[in-house]
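Protein chains in written order, with the numbering used here: chain B, 310 to 652; chain U, 310 to 652.
2 protein chains.
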Amino acid sequence: MNLKELSKNLGLSQTTVSRALNGYPEVSAATRHRVERAAKEFNYHPSTRAKGLATGRALAIGHVIPVSTQHEMVNPVFGDFIAGAGETYARNGFEMILSIVDDQNEEQIYRSLKSRRAVDGVIVHGPRIDDSRIALLNDLGLPFAVHGQVTHCDLPYTFLDVNNHEAFEQATDYLFDLGHRRIALVNGLENMDFAHRRRRGYEASLRSHGIPIDTALMCSNEMTEIIGYEAAYKQLALPNPPTAYLCASLISALGVRRAIEDHGLTMGKDVSVITHDDVLSYLQNGGDTPIFTATRSSVRTAGRRLAEVLLNTIQHTMQPPQRVILECEFVVGQSTGPAPRKD
Amino acid sequence: MNLKELSKNLGLSQTTVSRALNGYPEVSAATRHRVERAAKEFNYHPSTRAKGLATGRALAIGHVIPVSTQHEMVNPVFGDFIAGAGETYARNGFEMILSIVDDQNEEQIYRSLKSRRAVDGVIVHGPRIDDSRIALLNDLGLPFAVHGQVTHCDLPYTFLDVNNHEAFEQATDYLFDLGHRRIALVNGLENMDFAHRRRRGYEASLRSHGIPIDTALMCSNEMTEIIGYEAAYKQLALPNPPTAYLCASLISALGVRRAIEDHGLTMGKDVSVITHDDVLSYLQNGGDTPIFTATRSSVRTAGRRLAEVLLNTIQHTMQPPQRVILECEFVVGQSTGPAPRKD
DNA sequence: AATGCTTCCCAAAGCGCTTTGGATTTGTTT
DNA sequence: AAACAAATCCAAAGCGCTTTGGGAAGCATT
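As structure tokens, then:
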């Protein structure tokens, strides 16, 4: 069923039917009603492609997912973020188009999306420090919104980010207040902006308490269970091992916990752990009493909100870049306790 | 830059330029070369929408991701599957469009995708037992391919599945051969087809060895760490606890391991664990020596292959439904050992 | 020179929608 | 009753591409 057939069926012109369906005022209420009923009856939906061609709008948002060629990693938060964004798109009649691309060909993809007019805007995932994509997208004139921020980028741009610095500073403060002085950081890859900020927050806290920064207690890598395990296992074997951990992800934290237990120690008693918790649907941090003390911020909510922000900037072009910063909720769980007395 | 401008620039008609770019033979080699160079120079890409309108093909595949309203769960394998499928699409000039939808409105979405001619075909995710989507898509005449199978569906359809029955039967056999007689199953939701098949494989093995099926040792739920933990913790407190576990997911297995350790037991010695391993990028099962004994099958590869199968059936319509079944690799890790002697 | 083949190219229609610029009808005002 | 405004509706152009149905030029064949 297309517009032509529908309008023939109704004995109206395509113009009138189109207008009736799109809420233009030049149509009488009675006609509009009749048209709407018929559209429902015949399950008529306008062709996105034709509509896009005619209006010049794609009614679609692109998500470019970089998959690092070295690690073949798909960021685990991605699924939940997309789910959140998808809700927003569905509500607004937009489609989400996804491009998986190795980080070599990223620029290529953005150019192609632009010149094919395939999308009205894009969401930038996984921003890195000094990320070149901001400048590129600005040049291309393709509206975009970043999930995260870009350190060293002085161009204005629209983004939504968690307050990573604040969260990790606060978490480190909390551990300090419990008496911990040897606090380790199991971070994500620090060329990623979020990981960089978290380290800075951690360091800021240490500095403010006069604790020297010990690089032996810091690691930066992919956030997998194995890597968390290996990093913590080694550190706990040090002559002067950490008594507390700060993890960038619940998955890393699971590895850290395993390392703690493999050393015959007890989490929450011998070694404390705080992790960032993205509230992934398949990795809940316990029920009412969280297992891990955590800095919590739902990545799904982030997806929903950032998509809203992007649609907004697309609709009302000419407004200044939006900047949304979400504060983490600090939840106390069973994984932290007073630092053990030295014997 | 559009076709009109490009052809004006070259002093050729749109027809010729279009044909040159699309590999039709009616163009001299010299002209084709000239056109291709110009296209590259001006970074010309045909508008997907216009192309789609003209050809009647969308050059896009839809992925409908059901998000259960009760659990708000996004299947964790989804990210990796999509990454695999995306590789295939990129290679073939297709786009992937994603719809997130709560399971109430699923049918609606398929109808809409069809009537808007937004996609050339869809991938069906998370098939359930007796899933009504097969019949629906057949009715709609929308080409599709299923990631998994549908028990109780006698319509022919294209799918790719892991041999779940075989894998779990084999895993149970393996545990039996190690002397285990109390073998527990921590399964996914058994209205999902894959989980149903796994249970049947497990039961088939038990039956063939004359072991009675004990429902106290079986549970079926979302595959999260917490749920795995809780199920195993309870079962291990039984008067006659299991000595071995079969898990539907590495994430559940992490929970089971924690439960084992919280009971003061050692995995691989006191209690054995075998899990299915989807080879998710952020949840590797160890390096050279796997932590968990596992039935392994990469969901990313599955995504890549299923997308290929779907594109194939779309190109060569009129060929019978394709059925691909992948056998799991059985890898022995550190989590299994001989059943402990009864005292 | 007329005929028939290729080879190479083009004008124009059409895909399904929106939107411009009227046309027609109806209602209101004097 | 004439004149004008408002309310409804419509024909046709246009979005950027593909594809049909030729047409012109070049060459070899009669």
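Backbone N, C-alpha and C fix where the C-beta goes; we use that ideal spot for every residue, glycine too.
Item	Value
Closer than 8 Å to chain U by CB, V383 (chain B)	yes
Limits of the alpha helix (DSSP H) - the one that A399 (chain B) falls within	F387 to N401
For F468 (chain U), the residue or residues it bridges with in DSSP	U:V455 and U:R632
Straight-line gap, V344 (chain B) to K317 (chain B) (C-alpha atoms, nearest Å)	11 Å
Short CB-CB distance (under 8 Å) between E534 (chain B) and chain U	yes
Whether A369 (chain B) touches E396 (chain B) by CB criterion (8 Å)	no
Inter-residue Cα distance where the pair is R609 (chain B) and G595 (chain U)	29 Å
Minimum length 3: unbroken beta strand (DSSP E) runs contained in the region 485-545 of chain B	492-496 and 527-529
Contact check, D579 (chain U) vs P649 (chain U), beta carbons under 8 Å	yes
Distance between M310 (chain U) and E531 (chain U) (C-alpha atoms, nearest Å)	50 Å
Sequence-distant residues of the same chain with beta carbon closer than 7 Å to V386 (chain U), five excluded per side	D587, L589 and V608
C-beta contact flag for R614 (chain U) and L469 (chain U) at 8 Å	yes
Residue nearest to F639 (chain B) in terms of C-alpha spacing, selected from B:H461, B:I522 and B:L484	B:L484
Of the residues U:A504, U:T598, U:D486 and U:I535, the one placed nearest L515 (chain U), counting alpha carbons only	U:D486
Chain-ordered chain U contacts of R400 (chain B) [CB-CB under 7 Å]	What R400 (chain B) touches in chain U: nothing, since even the nearest Cβ is about 11 Å away.
Straight-line gap, L319 (chain B) to L449 (chain U) (C-alpha atoms, nearest Å)	24 Å
In chain order, each alpha helix (DSSP H) run of at least 4 residues that lies wholly inside the region 601-626 of chain U	608-624
Residues within the region 337-364 of chain U neighbouring chain B, beta-carbon criterion of under 8 Å	N352, Y353, H354, P355, S356, T357, R358, A359, G361 and L362
Secondary structure of I438 (chain B), DSSP reduced to three states	coil
is_contact[E416 (chain U), chain B] using C-beta, thresh 8 Å	no
Secondary structure of H572 (chain U), DSSP reduced to three states	coil
Segment contact, 8 Å Cβ cut-off, at least three pairs: the region 564-577 of chain U with the region 536-550 of chain U	yes
Short Cβ contact (8 Å threshold) for I258 (chain U) with L619 (chain U)	Lying outside 310 to 652, the shown extent of chain U, residue 258 (chain U) is not represented and no answer is given.
Between the CA atoms of C462 (chain U) and Q413 (chain B) - distance to the nearest angstrom	43 Å
Partner residues on chain B for G435 (chain U), Cβ-Cβ distance less than 9 Å	In chain order: nothing, as chain B lies at least about 13 Å away.
Near-chain B residues of the region 576-609 of chain U - C-beta to any C-beta below 9 Å	L589, S590, Y591, L592, Q593, N594, G595, G596, I600 and R609
Interface flag, L545 (chain B) vs chain U, CB-CB below 8 Å	no
Distance, S421 (chain U) Cα to I374 (chain U) Cα	15 Å
Among B:R490, B:G612 and B:R506, the one whose alpha carbon lies nearest that of I522 (chain B)	B:R490
Per-residue burial, R400 (chain B) [other beta carbons within 10 Å of its own, 16 or more giving buried]	exposed
E478 (chain U) classed as buried or exposed, judged by whether at least 16 other C-beta atoms fall within 10 angstroms	buried
Whole-Å CB distance - I438 (chain U) paired with T467 (chain U), under 8 Å assumed	Wrong, their Cβ atoms sit about 19 Å apart, outside the cutoff.
Contacts that F387 (chain U) makes with chain B (C-beta to C-beta distance below 8 Å)	G388
Any chain B beta carbon closer than 8 Å to M310 (chain U)	yes
Interface partners of L446 (chain U) on chain B, CB under 7 Å	The premise fails here: L446 (chain U) is roughly 15 Å from chain B at the closest Cβ pair, so nothing lies under 7 Å.
6 Å CB neighbourhood of G457 (chain U) in its chain, flanking five on each side removed	P436, D470, D502 and F503
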